[in-house]
Amino acid sequence: MDNSPSAGDEPPVKRRRRARKACNPCRDRKRKCDGREPCATCVQWEYDCYYGERSAAGSHAPSPYDSAKGRPRHEEADGWAPGPRPGLRLGPGPALGPAPAPAPAPAPAPAPAQGPRGPAPQQQRNFDPVRDSEATNDNHVQSLEANSGAAFVRRLGLNIDPKNAPRLRLFAWNTGERLAGHPPGVVRPITGILSQAAMVELAQVYFQKFTVVYDVIYRDVFLDRLQQRWASGAPQDPLDQVLCGVAMLGLCFSQTTAAPFEPDLVETGRTLLEHFSLSSPPSIDTVIGWVLRVAYLRITATPHVTWLASCSLMHVCEAAQIHLEVRAQTVFDESSELVSLDIRRRIWAMAQHLNIWPSYDLGRTRIKLPHATTQPVAPLEGDYTSHMLALVPLTEDLDPHQPRSVEDLESDFSQIGDRDHLEPAMTMAVTNLAICTFRRLRAQKATIQPGHVDKMLSLSARGLHAARRMVATHCPWHHAANMPFQILCLCLAVDTRASLAMVRTALSVLGEVRDAWNSAVLREAYDTAYLLILLHQRRKEEDCGQLRAALEMHAPSDGAPPIVQPSSSHQDASANSEAVWLDDLFTNVPGLREFDMEQFLEDDPFNMQDLGFGGAA
Numbered sequence: 001m002d003n004s005p006s007a008g009d010e011p012p013v014k015r016r017r018r019a020r021k022a023c024n025p026c027r028d029r030k031r032k033c034d035g036r037e038p039c040a041t042c043v044q045w046e047y048d049c050y051y052g053e054r055s056a057a058g059s060h061a062p063s064p065y066d067s068a069k070g071r072p073r074h075e076e077a078d079g080w081a082p083g084p085r086p087g088l089r090l091g092p093g094p095a096l097g098p099a100p101a102p103a104p105a106p107a108p109a110p111a112p113a114q115g116p117r118g119p120a121p122q123q124q125r126n127f128d129p130v131r132d133s134e135a136t137n138d139n140h141v142q143s144l145e146a147n148s149g150a151a152f153v154r155r156l157g158l159n160i161d162p163k164n165a166p167r168l169r170l171f172a173w174n175t176g177e178r179l180a181g182h183p184p185g186v187v188r189p190i191t192g193i194l195s196q197a198a199m200v201e202l203a204q205v206y207f208q209k210f211t212v213v214y215d216v217i218y219r220d221v222f223l224d225r226l227q228q229r230w231a232s233g234a235p236q237d238p239l240d241q242v243l244c245g246v247a248m249l250g251l252c253f254s255q256t257t258a259a260p261f262e263p264d265l266v267e268t269g270r271t272l273l274e275h276f277s278l279s280s281p282p283s284i285d286t287v288i289g290w291v292l293r294v295a296y297l298r299i300t301a302t303p304h305v306t307w308l309a310s311c312s313l314m315h316v317c318e319a320a321q322i323h324l325e326v327r328a329q330t331v332f333d334e335s336s337e338l339v340s341l342d343i344r345r346r347i348w349a350m351a352q353h354l355n356i357w358p359s360y361d362l363g364r365t366r367i368k369l370p371h372a373t374t375q376p377v378a379p380l381e382g383d384y385t386s387h388m389l390a391l392v393p394l395t396e397d398l399d400p401h402q403p404r405s406v407e408d409l410e411s412d413f414s415q416i417g418d419r420d421h422l423e424p425a426m427t428m429a430v431t432n433l434a435i436c437t438f439r440r441l442r443a444q445k446a447t448i449q450p451g452h453v454d455k456m457l458s459l460s461a462r463g464l465h466a467a468r469r470m471v472a473t474h475c476p477w478h479h480a481a482n483m484p485f486q487i488l489c490l491c492l493a494v495d496t497r498a499s500l501a502m503v504r505t506a507l508s509v510l511g512e513v514r515d516a517w518n519s520a521v522l523r524e525a526y527d528t529a530y531l532l533i534l535l536h537q538r539r540k541e542e543d544c545g546q547l548r549a550a551l552e553m554h555a556p557s558d559g560a561p562p563i564v565q566p567s568s569s570h571q572d573a574s575a576n577s578e579a580v581w582l583d584d585l586f587t588n589v590p591g592l593r594e595f596d597m598e599q600f601l602e603d604d605p606f607n608m609q610d611l612g613f614g615g616a617a
């Protein structure tokens with residue numbers, strides 16, 4: 001008898017199973033609901049779980065998230081939260097606080113039966129637009145959150161202790177809001193704010209400390225124009241846009257607190273930039289002035305203000321056609337100003353750099369100009385600016401709107417140089433890019449290669465050393481605060497012996513940065529880091545308690561070592577008794593006879609000396 005299935009005996013189509021009832025938040029978001037109250041999805045993402053119509057007020061305890069919009073109740077528009085309004089929404093996806101739960105994997109279809117003429121036609125997978133849309137959106141949100149330091153810290157806290165996790169916030173984004181508490185600035189001529197001698201002194205600080213990694217101005221040309229500006233006595237000049245930016249950064253890198261006239265300088269520079277940006281096309285002085293202003297804001301202002309200014313910078317670059325190295329013949333080309341190829345490439349790369357990272361941190365869209373022809377900056381030996389800006393292509397590849405496979409991310413991570421740079425700001429830039437790429441790998445649930453973990457920890461150790469050098473030389477780069485905090489959180493997330501050994505150093509460095517600039521932002525970051533370590537330690541102790549309870553419950557009646565808390569007086573005795581007991585265990589269990597216990601106890605999978613720690617705190 002022919003037992004092969006007929007054409008009509010095709011395997012039944014697997015259909016999605018849903019709970020008989022779903023809570024309102026899961027039904028609104030089309031999420032899987034288990035029908036409980038509260039359901040697992042609402043517990044995981046902190047939704048306010050309820051069924052049917054809302055009962056009288058007060059029947060449900062208020063949730064930290066609004067059930068209608070999924071926005072955190074405790075997100076306050078204090079300027080340091082990642083957004084101007086409560087409920088940071090990352091791009092077109094859902095709010096960052098409660099990210100969507102991952103879509104359930106579809107059950108595999110049964111294998112086609114073999115007939116006398118070969119395999120039967122395979123059952124085509126049913127097209128499910130909701131499922132496919134959810135899977136695509138989940139991948140996008142995972143990449144979006146992995147790029148953001150704020151989201152990474154929030155996720156870390158939720159994984160350790162959902163009840164006490166720090167709220168969504170960009171901790172240690174820089175050394176603090178420099179002009180906080182100062183009265184608003186007044187627009188004045190720059191020659192009335194600074195004398196020529198004071199301007200020259202601030203310019204010297206600028207060229208000595210800032211242009212090491214952000215060199216977009218020819219020093220000799222600038223100093224000549226500076227002298228001519230004070231000699232002219234004019235109330236206003238296009239060069240004033242650049243002079244204000246240079247003076248602002250010079251003050252930032254020479255004085256711990258803002259000078260009394262610094263708000264006037266900042267306000268004058270902003271007003272001049274907005275005025276001269278109205279001309280078509282903007283001059284190169286206007287473009288450079290915007291670059292310097294955004295760089296100053298990245299070091300001294302809030303994330304939202306910096307992101308808005310960086311978007312304006314990109315649009316000014318477009319208006320000045322900085323992004324077009326090879327221009328097309330078009331009637332729209334009205335620019336007659338000549339810009340050297342080297343300066344054009346540096347300005348364009350720096351504008352991208354200043355716009356991309358705030359966009360990633362806030363989970364917002366970066367400005368991308370299509371058909372840009374300006375080439376990336378090629379790294380030159382001894383020129384840290386070229387090395388810094390040469391990282392921009394790798395940074396662009398992390399755009400969450402562009403799918404990146406695990407293989408692509410591993411290739412990107414391998415391209416990040418691991419040599420030690422003499423300039424701390426360059427070391428920090430490399431470490432920041434490596435940390436973001438590493439977070440993306442973890443977000444995709446990839447199996448991290450041991451070599452990548454070793455490289456990440458090695459770069460982190462160098463980043464911590466660079467932060468200490470920034471404190472010693474009074475260079476308030478934003479990464480001086482940001483990197484120690486992010487490194488500490490990454491070490492807790494990796495959760496290995498080597499990474500946890502680095503936590504002590506990271507917290508110590510963060511404390512040194514806090515003491516150096518003594519801002520509310522840094523004090524909050526240090527307290528948050530301390531809280532994360534405390535929560536992590538508490539979870540470890542609870543895990544150890546569970547293991548100890550299991551050992552006590554199932555301990556053999558004789559021959560087992562007593563289970564006691566480790567102390568200096570019992571360590572030797574416990575070690576000896578445990579060694580005897582383990583020897584008996586390995587002798588009695590045939591499957592363990594080939595296991596080299598001595599080698600297992602002596603080996604340390606991570607060489608801490610190679611990471612530059614030794615035994616120091």
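Numbering of the sequence shown is given in full-length UniProt numbering, commencing with residue 1 and proceeding in unit increments.
Backbone N, C-alpha and C fix where the C-beta goes; we use that ideal spot for every residue, glycine too.
Here the structure is a predicted model, which means the values were calculated and not measured.
Close beta carbons around residue i, own chain, < 6 Å, minus the five adjacent residues each side
i: Thr330; result: With a pLDDT of only 49 at Thr330, under 50, the local geometry of the prediction cannot be trusted, and no value is derived from it.
i: Leu338; result: none
i: Thr373; result: Leu324, Glu325, Val326
i: Ala146; result: Arg439, Arg440, Ala443
i: Gly289; result: Gln241, Val242, Gly245, Leu273
i: Arg229; result: Asp237, Leu239
i: Ile367; result: Cys311, Met314, Asn355
Secondary structure of residue i, DSSP reduced to three states
i: Leu492; result: helix
i: Ala165; result: coil
i: Ile347; result: helix
i: Gln196; result: helix
i: Lys209; result: helix
i: Ile217; result: coil
i: Tyr47; result: coil
i: Arg514; result: helix
i: Arg178; result: coil
i: Trp173; result: coil
i: Pro282; result: coil
i: Trp477; result: coil
i: Gln228; result: helix
i: Ser312; result: helix
i: Val186; result: coil
i: Cys23; result: coil
Beta-carbon proximity list for residue i, same chain, < 7 Å, skipping 5 on both sides
i: Arg188; result: Asp264, Thr268
i: Thr385; result: Val213, Tyr214, Asp215, Arg346
i: Gln375; result: Glu325, Arg345
i: Ile343; result: Val216
i: Tyr526; result: Leu510, Gly511, Arg514
Residues that DSSP places opposite residue i in a beta bridge
i: Leu380; result: Asp383
Own chain partners of residue i with C-beta closer than 8 Å, once the 5 adjacent residues on each side are dropped
i: residue 625; result: Only positions 1 to 617 of the chain appear in the structure, and residue 625 is not among them; the question remains open.
i: Ile487; result: Thr431, Ile435, Ser460, Gly463, Leu464, Met502, Ala506
i: Val392; result: Ala349, Gln352, His353, Ile356, Pro376, Val377
i: Ala258; result: Arg178, Leu179, His182, Leu251
i: Gly52; result: Asn24
Local Cβ density within 10 Å of residue i, reported as buried at 16 or more and exposed below that
i: Met426; result: buried
i: Ala197; result: exposed
i: His275; result: exposed
i: Met483; result: buried
i: Val186; result: exposed
i: His387; result: buried
i: Ala293; result: Checking the sequence, you will find Arg at residue 293 rather than Ala. Buried: at least 16 other Cβ atoms inside 10 Å.
i: Met553; result: exposed
i: Thr191; result: buried
i: Pro281; result: buried
i: Gly149; result: buried
i: Glu381; result: exposed
i: His371; result: exposed
i: Tyr218; result: exposed
Beta carbon proximity, residue i to chain B, threshold 8 Å
i: Arg178; result: The structure shown contains no chain B; it holds only a single protein chain.
query: How do the stretch 301-309 and the stretch 215-234 stand: do at least 3 beta-carbon pairs fall below 8 Å, yes or no?
result: Flag = no, the stretch 301-309 and the stretch 215-234 do not touch.
Measuring CB atoms only, is the stretch 514-530 touching the stretch 494-501, in the sense that at least three cross pairs come out at less than 8 Å? They do not touch, by the three-pair rule.
| said: For the stretch 465-479 against the stretch 286-305, do three or more pairs of beta-carbon atoms, one drawn from each stretch, fall closer than 8 Å, so that the two count as touching? | reply: Yes, the stretch 465-479 is in contact with the stretch 286-305.
Practice problem: Determine contact between the stretch 144-163 and the stretch 532-551, defined as no fewer than three beta-carbon pairs at a distance below 8 Å. | Solution: Below 8 Å, enough C-beta pairs join the stretch 144-163 and the stretch 532-551 to call them touching: three or more.
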